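In the working numbering, the protein residues as written are 3 to 163.
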């Protein structure tokens, strides 16, 4: 049933590309990703067939550019700044501590699908470093105690509520 729903949604996305060209691939992939949060194999195959490129070419395109997610992202995206100011204020140590606490590495998602850990070269809040963004909410002057508390809150809300 889920496959049929996904297929119907992709069909609706592709309707706006009446005379598809290879150059429509990027926009169609972004449209699908905006709808689903990531691009799985079925979505890539359906879009590539419609646009007229091979599934391998669509996968190669999507895997080359970092703006495309080929794995289902976590419900909460933790993005930690690694810019100069944040680095000086301990971002590297903070990232290592979070990796240990979550049991994942940068770029990975926890096995329960709850949290994905990402980094950024700069988040633009240098005066308030180190900085963490969780989805669309920014936290400044964070330390491992604060971040662990945020993780614990998220876990409690999602597994006890």
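Think of the CB as a built atom: it goes at the ideal place given N, C-alpha and C, for glycine as much as any other residue.
Since this is a predicted model, take the numbers as computed values, not measurements.
For residue i, collect the residues of the same chain with a Cβ closer than 8 Å to its Cβ; drop the 5 residues on either side in sequence, then sort them by chain order.
{"i": "residue 137", "result": "78, 79"}
{"i": "residue 21", "result": "none"}
Measure the alpha-carbon distance for residue i versus residue j and round it to whole angstroms.
{"i": "residue 115", "j": "residue 75", "result": "7 Å"}
{"i": "residue 123", "j": "residue 97", "result": "13 Å"}
{"i": "residue 157", "j": "residue 121", "result": "21 Å"}
Here's a check: name, in chain order, each residue in its chain whose Cβ is nearer than 7 Å to the Cβ of residue i, leaving out the five neighbours to either side.
{"i": "residue 40", "result": "71, 72, 73, 74, 75"}
{"i": "residue 64", "result": "31, 41, 46, 70, 72"}
{"i": "residue 35", "result": "41, 70, 71"}
Please report the Cβ distance between residue i and residue j, rounded to the nearest whole angstrom; I am assuming they are in contact, meaning their Cβ atoms lie under 8 Å.
{"i": "residue 119", "j": "residue 104", "result": "6 Å"}
{"i": "residue 49", "j": "residue 16", "result": "7 Å"}
{"i": "residue 11", "j": "residue 43", "result": "With 8 Å as the limit, residue 11 and residue 43 do not qualify as a contact, their Cβ atoms being about 16 Å apart."}
Tell me whether residue i is buried or exposed, calling it buried when 16 or more other Cβ atoms sit within 10 Å of its Cβ.
{"i": "residue 85", "result": "buried"}
{"i": "residue 93", "result": "buried"}
{"i": "residue 58", "result": "exposed"}
{"i": "residue 91", "result": "buried"}
Please return the same chain residues whose Cβ sits closer than 6 Å to the Cβ of residue i, not counting the five positions on each side in sequence.
{"i": "residue 143", "result": "130"}
What residues are listed by DSSP as bridge partners for residue i?
{"i": "residue 83", "result": "122"}
{"i": "residue 134", "result": "82, 141"}
Using a Cβ-based criterion (distance less than 7 Å to any ligand heavy atom), does residue i qualify as near the ligand PLP?
{"i": "residue 105", "result": "Only the bare structure without any ligand can be found here, which leaves the ligand PLP out of the picture."}
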